[in-house]
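**Student:** Dumping the structure here so I can ask a few things about it.
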Amino acid sequence: MSAARRTTSGLGGEIVPGRQAVRELLIAKRRKVHGVMIARDANDRGDEILELARAAGIEVQMVKREDVAREARIETHQGIVARAEAVADVPLDQITSPQAFLVALDGVTDPRNLGAVLRTAEVAGATGAILARHGGATLSPAAIKSAAGAVEHLSISLVSGIAGALENLRRANIWSVGLDHEGPTSIYDLTVATGPVVLVLGAEGAGLARLTRERCDILAAIPTHGSIESLNVSAAAAIACFELARRRSVDNLKSTPG
364 MSAARRTTSG LGGEIVPGRQ AVRELLIAKR RKVHGVMIAR DANDRGDEIL
414 ELARAAGIEV QMVKREDVAR EARIETHQGI VARAEAVADV PLDQITSPQA
464 FLVALDGVTD PRNLGAVLRT AEVAGATGAI LARHGGATLS PAAIKSAAGA
514 VEHLSISLVS GIAGALENLR RANIWSVGLD HEGPTSIYDL TVATGPVVLV
564 LGAEGAGLAR LTRERCDILA AIPTHGSIES LNVSAAAAIA CFELARRRSV
614 DNLKSTPG
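Under the numbering used here, the residue at position 137 of the sequence shown is numbered 500, and the numbers go up by one with no gaps.
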């Protein structure tokens with residue numbers, strides 16, 4: 364499987380380690396899968412992956428655990444890894460709509476945080492994600508494992524810069540909400556939460572870049588009640604994404620006849 368040709372386009376993510384990530388890869392069927400490796404000592408979940416792969420006519424190799432580790436390039440591979448074509452780069456204008464619920468990452472450099480944010484966004488019902496071409500984590504094996512299959516369901520757009528993307532989204536009537544612990548608006552008081560919106564998340568520690576902050580329509584904060592002033596970006600993303608999801612769900616119920 365290691366000899367499979369790697370694509371030169373897309374967002375990366377060709378190496379897919381971990382049970383859940385491989386399971387969603389096989390179920391979603393959005394990417395061509397070149398092969399799957401399963402450690403001989405994998406537990407019953409390895410059996411499910413084996414069945415899914417064989418049903419799709421995908422080559423499966425039963426190998427030593429160290430062979431999986433070599434292919435996966437991370438330690439937390441759970442005895443399973445797949446190789447697939449790259450995650451598709453969806454043009455920004457294809458993820459804009461009147462129902463858009465997007466998440467943009469501005470300088471998030473930890474691949475596990477990147478994966479965790481993508482996982483949270485997908486579970487919360489986000490319709491797409493926006494990543495910068497430079498200055499942030501890529502869809503490395505660690506990010507793919509942490510995302511737990513979210514990249515198989517989210518539409519992801521790679522842009523030259525987040526600030527420029529926000530300007531384009533504004534022209535498409537999509538509100539941008541930058542998450543900032545000093546923001547003047549509470550995340551729980553957003554009047555734009557139920558419309559087309561992009562939630563913008565900044566780098567660990569540094570927060571949003573200056574130009575990105577300036578391009579955001581609203582800067583919102585998560586109210587805190589302890590001594591520490593801010594949250595890890597993946598924890599903050601979870602709170603904000605699910606607050607937006609809650610508000611949008613309530614609004615949909617109110618607008619449903621009967």
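Idealized CB from N, CA, C, for every residue including glycine. In this text, all values refer to a predicted model and were calculated from it rather than measured experimentally.
(1) Give me the residue from P547, D580, G499, L521 with the minimum Cα distance to A326.
(2) Mark V613 as exposed unless 16 or more other C-beta atoms lie within 10 angstroms of its C-beta, in which case mark it buried.
(3) What are the residues that DSSP puts in a beta bridge with F464?
(4) Pull up the DSSP beta-bridge partners for A449, would you.
(5) Tell me the DSSP secondary structure of Q441 in three-state form.
(6) Could you give the distance in angstroms between the alpha-carbon of P454 and the alpha-carbon of R533?
(7) Can you tell me whether DSSP reads L343 as helix, strand or coil?
(8) Determine the direct distance from the alpha carbon of V486 to that of L517, and round the result to whole angstroms.
(9) Please name the residue in V561, S590, I378, I550 whose C-alpha comes closest to that of A445.
(10) Looking at the structure shown, is S503 part of a helix, part of a strand, or coil, going by DSSP?
(11) Taking C-beta to C-beta, are L374 and V466 nearer than 9 Å?
(12) Whole angstroms is fine: what's the gap from L415's alpha carbon to A513's?
(13) Let me confirm a value: G537 is counted as buried when at least 16 other C-beta atoms fall within 10 Å, else exposed. Which label applies?
(14) Using the three-state DSSP reduction, which class does T483 fall into: helix, strand or coil?
(15) Taking the alpha helix (DSSP H) that V555 belongs to, which residues open and close that run?
(16) Would DSSP call D430 helix, strand or coil?
(17) If you draw a straight line from the alpha carbon of T554 to that of H588, how long is it in whole angstroms?
(18) Using 8 Å for Cβ pairs, my map puts E577 next to H544. What's the rounded Cβ distance?
(19) Output the residue ranges of the beta strand (DSSP E) runs that lie fully inside the segment 509 to 542 and measure 3 residues or longer, sorted by chain position.
(20) Return helix, strand or coil for S597, following the three-state DSSP convention.
(21) What would DSSP say about S549, mapped onto helix, strand or coil?
(22) Work out the CA separation of E411 and R382 for me, nearest whole Å.
(23) Pull up the distance between the alpha-carbon of S549 and that of A489, whole angstroms please.
(24) If A603 sits next to I585, beta carbons under 8 Å apart, how far is it from one beta carbon to the other, in whole angstroms?
(25) At the level of alpha carbons, what is the spacing between S503 and D430?
(26) Based on Cα-Cα distance, which residue from D552, T575, G568 lies nearest to E606?
**Tutor:** Checking against the coordinates, here is how it stands:
(1) One cannot answer for residue 326 here, as it falls past the ends of the chain, which runs 364 to 621.
(2) Answer is exposed; the Cβ neighbour count stays below 16.
(3) V560
(4) The partner list for A449 (beta bridge, DSSP) is empty, contrary to what the question assumes.
(5) coil
(6) 16 Å
(7) Because the chain here runs from 364 to 621, residue 343 falls outside it and cannot be looked at.
(8) 10 Å
(9) Comparing Cα positions, the closest option is I378.
(10) coil
(11) In this structure, the beta-carbon distance from L374 to V466 does not fall below 9 Å.
(12) 18 Å
(13) This sequence places Ile at residue 537; Gly is not what is there. Counting Cβ neighbours within 10 Å, I537 comes out buried, since at least 16 surround it.
(14) helix
(15) Note, V555: premise wrong, no alpha helix (DSSP H); not H, not E.
(16) Of the three classes helix, strand and coil, the one that applies to D430 here is helix, per DSSP.
(17) Whole-angstrom Cα-Cα distance: 23 Å.
(18) At roughly 17 Å, the Cβ-Cβ gap does not stay under 8 Å, so E577 and H544 are not in contact.
(19) 518 to 522, 538 to 542
(20) S597 falls in the helix class under three-state DSSP.
(21) Strand, per DSSP.
(22) 9 Å
(23) When rounded, the distance between both Cα atoms is 20 Å.
(24) 7 Å
(25) 18 Å
(26) D552
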